[in-house]
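Below: the structure, in structure tokens.
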Amino acid sequence: GESVGLHLPTLSVQEGDNSIINCAYSNSASDYFIWYKQESGKGPQFIIDIRSNMDKRQGQRVTVLLNKTVKHLSLQIAATQPGDSAVYFCAESYTGRRALTFGSGTRLQVQP
Amino acid sequence: GAVVSQHPSWVICKSGTSVKIECRSLDFQATTMFWYRQFPKQSLMLMATSNEGSKATYEQGVEKDKFLINHASLTLSTLTVTSAHPEDSSFYICSARNPGGGEETQYFGPGTRLLVL
Chain S
1 GESVGLHLPT LSVQEGDNSI INCAYSNSAS DYFIWYKQES GKGPQFIIDI
51 RSNMDKRQGQ RVTVLLNKTV KHLSLQIAAT QPGDSAVYFC AESYTGRRAL
101 TFGSGTRLQV QP
Chain G
1001 GAVVSQHPSW VICKSGTSVK IECRSLDFQA TTMFWYRQFP KQSLMLMATS
1051 NEGSKATYEQ GVEKDKFLIN HASLTLSTLT VTSAHPEDSS FYICSARNPG
1101 GGEETQYFGP GTRLLVL
């Protein structure tokens, strides 16, 4: 069946460093991907999305890279700040499916 | 971005009672809303898709008679956990799709923490 998973459950970085969070997916039909940030006790917050016709998209301090060949996407956070500490989820969908399938999540810990 | 609210933010109830959770899109109309459940340190699991004016679509393994969903307007969907039991204790999160933000863009509510004693 389809699944979206993550390589690393916890990532610890120093403040100011760049962070890279990875995500693998298995459904070759997936054509839309989103990264969410979830702080403790709160709902997921939209960060950035990308469609399968692109391989890179940049936002404010964040970049998402998509490699369809190996079914892998990553979220890069530049100059990581303590406020970036949270759990990050990738999610995917495909044309015709309105719901999202979430990955297992990565906890990002930013050390001051 | 689009704002989605949930009420209540947390609820404690006795086993056997029913609990209603509301999900509202505050600044846009949502023909489709989604209900997720999240257990501690786990990911979000889709429970059902709420469709305005029609029956909800439930994911495999989710009991439709236990988790009643009503989407009576373009800005409100409700989830009622009937005859709640301790194993229903979880974090329930709704999301709404904002057509103006792209077909698949979903915005999430703050979640409702349910504790069944």
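Chains S and G, in that order, give the protein sequences. For reference, each letter of the first sequence is one residue, going 1 to 112 in my numbering. For reference, each letter of the second sequence is one residue, going 1001 to 1117 in my numbering. Backbone N, C-alpha and C fix where the C-beta goes; we use that ideal spot for every residue, glycine too.
{"Query": "Pair every Cβ in the region 1014–1025 of chain G with every Cβ in the region 95–108 of chain S, then say whether three or more of these pairs are closer than 8 Å.", "Result": "no"}
{"Query": "Once the 5 residues before and after K37(S) are set aside, which same chain residues still bring their CB inside 6 Å of it?", "Result": "Q45, I47, A86, Y88"}
{"Query": "Could you check whether the Cβ of P1086(G) sits closer than 8 Å to any Cβ belonging to chain S?", "Result": "no"}
{"Query": "Listed from N- to C-terminal order along the chain, which residues in the region 1064–1078 of chain G have their beta-carbon within a distance smaller than 7 Å of any beta-carbon of chain S?", "Result": "none"}
{"Query": "If we define contact as Cβ-Cβ less than 8 Å, is G103(S) a contact residue for chain G?", "Result": "yes"}
{"Query": "Which partner residues does E1022(G) have in the DSSP bridge list?", "Result": "H1007(G), T1078(G)"}
{"Query": "From the DSSP secondary-structure annotation, give me the bridge partner or partners of D49(S).", "Result": "I34(S)"}
{"Query": "Closest Cβ-Cβ distance between Q1060(G) and chain S: below 8 Å?", "Result": "no"}
{"Query": "If you measure beta-carbon to beta-carbon, which residues of the region 24–51 of chain S are closer than 8 Å to chain G?", "Result": "Y32, I34, Y36, G41, K42, G43, P44, Q45, F46, D49"}
{"Query": "May I ask you to list, following chain order, the residues of the region 83–104 of chain S that have a beta carbon less than 7 Å from some beta carbon of chain A?", "Result": "The displayed structure is made up of protein chains S and G, and chain A is not among them."}
{"Query": "Interface residues of chain S around Q1106(G) at Cβ under 7 Å?", "Result": "L100"}
{"Query": "Measuring alpha carbon to alpha carbon, tell me which of T1075(G), E1059(G), G1061(G) ends up nearest G1053(G).", "Result": "T1075(G)"}
{"Query": "Since S1050(G) and I1069(G) are thought to touch, with beta carbons under 8 Å apart, how far apart are those beta carbons, to the nearest angstrom?", "Result": "5 Å"}
{"Query": "What are the residues in the region 1024–1036 of chain G lying within 9 Å of chain S by C-beta distance?", "Result": "T1032, F1034, Y1036"}
{"Query": "Is any beta-carbon of chain S found at less than 8 Å from that of S1054(G)?", "Result": "no"}
{"Query": "Say whether chain S places a C-beta atom closer than 8 Å to the C-beta of S1043(G).", "Result": "yes"}
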